[in-house]
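Colleague: Each residue of the sequence shown is one higher than the one before, starting from 1 at the first, in this note's numbering.
Ideal placement from N, C-alpha and C gives every residue a C-beta, glycine not left out.
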Amino acid sequence: MGERVRKPHPTTWLNVGAWQERSVANGPGERFVLWLQGCGRRCPGCFNPEFQPFVRRERVTSEGVAGKVLRTEGIDGVSFTGGEPMMQARGLFELARMVRARGLSVFCYTGFTLEELQGSWNPWVLALLRQVDVLIDGPYEQDQAAALRWRGSRNQRVHFLTDRYRSLVGDAQKPLVEMEFIIGDSSLSMTGGLDEAFVARLQQILREDPR
Ligand code: SF4
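1. Return yes when the C-beta of Gly244 is under 7 Å from any heavy atom of the ligand SF4, and no when it is not.
2. Going by the C-beta, is Phe51 closer than 7 Å to any heavy atom of the ligand SF4?
3. Quick check on this structure: which residue in Asp143, Val134, Tyr165 has the alpha carbon closest to the alpha carbon of Ala96?
4. For Thr12, which three-state DSSP category applies?
5. Can you name the start and end residues of the alpha helix (DSSP H) that Gly91 belongs to?
6. In whole angstroms, what is the alpha-carbon distance linking Trp19 and Val125?
7. Indicate whether Glu94 and Thr162 have their beta-carbon atoms separated by less than 8 Å.
8. How close, in whole Å, do the beta carbons of Asp137 and Gln156 come, if the pair is a contact with beta carbons under 8 Å?
9. Measuring CA to CA, which of Glu50, Glu21, Gly27 is closest to Ser105?
10. Assuming contact is defined by CB atoms lying nearer than 8 Å, are Val16 and Arg57 in contact in what I supplied?
11. Is the number of C-beta pairs between the region 37 to 47 and the region 68 to 81 that are closer than 8 Å three or more?
12. Taking a contact to mean a Cβ-Cβ separation below 8 Å, would you say Leu117 touches Phe80 in this structure?
13. Which same chain residues end up closer than 8 Å to Glu50 when comparing Cβ atoms and leaving out the 5 residues on each side of it in sequence?
14. Are Thr110 and Glu84 closer than 8 Å when you measure CB to CB?
15. Run through DSSP, which three-state label would Trp35 get?
16. Helix, strand or coil for Pro49? Go by DSSP, reduced to three states.
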C-alpha cells in the first residue's frame with residue numbers, strides 16, 4: 001500500500017463588499033472588519049443597504065484575507081458583518097481558523113438567531129459558529145431601535161460563545177452609541193451603532209454637497 005497523501009484544502013473564496021483594517025466600533029478592542037456582500041432580508045432601516053445585493057464585489061481567498069489580517073499589527077481580532085456573513089460560512093470558517101490559530105479573536109454579526117444557526121443543515125455554518133468568540137444575532141428591527149453596545153435594535157442579542165470576552169458580559173448590556181467615521185481620499189463612510197435619524201440627516205447634508 002502506498003502512503004496516503006493528504007489532499008490540500010481547496011481554496012475558498014469570499015465576496016467582500018468592503019473592509020477596514022482598524023475599527024473600534026465593531027466589537028471589543030481594535031479590529032479588522034470585513035463587510036460580506038449579499039443579504040436577502042431587506043430589513044427596513046438597514047444601515048448597510050449597499051451590501052444587500054448578491055452581486056460580485058471584491059473576490060478574495062480566505063488565505064489572502066488572513067494574510068492581510070495577520071499583517072495588521074496590534075489588533076484584537078477580526079469582525080464579520082455585512083451583508084450576511086453566514087451566507088459565506090465556508091470561507092469565513094477557513095479565515096477564522098487561520099487567525100484564531102495566531103491568537104486573534106472572532107466577532108460576528110448575523111441576521112439569523114443563534115438557535116436557527118445551531119439547527120442549520122449546513123456543516124460550514126456549524127463549523128464557523130465553533131470559531132466565533134462573540135455572536136450578535138438577529139436582524140435590525142426598526143420598531144425596536146435602541147442605542148446598545150455593538151447593536152442597533154433590542155431584539156439583537158450578544159452571545160459570548162467562548163470565555164475570551166466574558167469579562168464584558170455586563171458592559172454589553174449597557175446603552176452606548178459608538179459611531180466611527182472613516183475618511184478616505186475621496187470617500188466618507190460610517191460604522192458602528194448609528195442613530196437612524198442622524199444618519200439620514202447626515203446623508204442628506206452630504207448629498208447637498210455644500211462646497
Ligand atoms: S439582516 Fe442585517 S444586513 Fe441584512 S438587511 Fe437586515 S439589517 Fe441589513
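Modeller: Put simply:
1. Residue 244 cannot be examined here, being either before or after the span of the chain that is shown, 1 to 211.
2. yes
3. Closest in alpha carbon position to Ala96, among Asp143, Val134, Tyr165, is Val134.
4. coil
5. 89 to 100 is the extent of the alpha helix (DSSP H) around Gly91.
6. 22 Å
7. no
8. 7 Å
9. Gly27
10. A contact, by the Cβ cut-off of 8 Å.
11. Taking one beta carbon from each stretch, the region 37 to 47 and the region 68 to 81 have fewer than 3 pairs nearer than 8 Å; the two do not touch.
12. no
13. Closer than 8 Å at the Cβ level, and outside the excluded window around Glu50, lie Gly17.
14. yes
15. strand
16. helix
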